[in-house]
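Using the numbering used here, you'd call the opening residue of the sequence shown number -3 and step up by one each time. Reviewing the structure listed below.
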Amino acid sequence: MSPENTSQSSIFVIGYPDFNYNKEHISNTSVTIFDSGDACFSPTSSNLVGKGVAAIMPKLEETKNRYLAISSFTMSQNEILKILEEETGEEWAQGHVSTDALEKIGLEKLGQKNPLGVLDLMKAFQFQDGQDRALSEEANDARALGSPSEDVLTLVRSLILI
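Here it is, written out as structure tokens:
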């Protein structure tokens, strides 16, 4: 948006990795762990994205021309894996991927004009050990929009039942 154009306004809702996205792994009880799996990340459920957008409507003036970052919770991949195993009563197969290797793959794909390389780069960025890229509670706008953090156990159970 141009600062000179005051007749336009915009609101950007940024949701972190979609927690509902990897449903296919639920049915075959397998996960991909990036690096050590200990880096915390802040996924967003599709439900919270919808609630966030709906919550903006009555607050258009106060949210105008802002970037709003929302997430459902903050946790590591290993913590989520533990919950999945406890809830299903099964040990899950684990594939391990280095974020350094994933970054190289993503760059190679982009070099070959394959736009899917961006997804590899996003995963490498998000899950890289030692970078602390999770959304902090202070930076999470979900609460300000009236949508508090979601219960991870409830979200995991909803995925298992799909």
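Backbone N, C-alpha and C fix where the C-beta goes; we use that ideal spot for every residue, glycine too.
State the start and end residues of the unbroken beta strand (DSSP E) segment that holds residue i.
{"i": "P91", "result": "Residue identity check: residue 91 is Gly in the sequence provided, not Pro. It spans A89 to V93 - the beta strand (DSSP E) in which G91 sits, taken as one unbroken run."}
Between which two residues does the alpha helix (DSSP H) harbouring residue i extend?
{"i": "G46", "result": "S42 to I52"}
{"i": "L56", "result": "L56 to T59"}
List the DSSP bridge partners of residue i.
{"i": "A65", "result": "I10"}
{"i": "M118", "result": "Its beta-bridge partners do not exist; DSSP assigns none."}
{"i": "F37", "result": "M71"}
Report the three-state DSSP secondary structure of residue i (helix, strand or coil).
{"i": "S26", "result": "strand"}
{"i": "R153", "result": "helix"}
{"i": "A97", "result": "helix"}
{"i": "E81", "result": "helix"}
{"i": "K109", "result": "coil"}
{"i": "E146", "result": "coil"}
{"i": "G102", "result": "helix"}
Is it the case that the CB of residue i approaches a heavy atom of the ligand ADP more closely than 8 Å?
{"i": "V114", "result": "This structure lacks the ligand ADP; in fact it carries no ligand of any kind."}
Would you mind giving the Cβ-Cβ distance between residue i and residue j, rounded to the nearest angstrom? I have them listed as a contact below 8 Å.
{"i": "A159", "j": "C36", "result": "Absent from the model: residue 159. The displayed extent of the chain is -3 to 158, so no value can be given."}
{"i": "I29", "j": "H92", "result": "5 Å"}
{"i": "D137", "j": "I66", "result": "6 Å"}
{"i": "T40", "j": "S6", "result": "No, T40 and S6 are not in contact; Cβ-Cβ is about 20 Å, not under 8 Å."}
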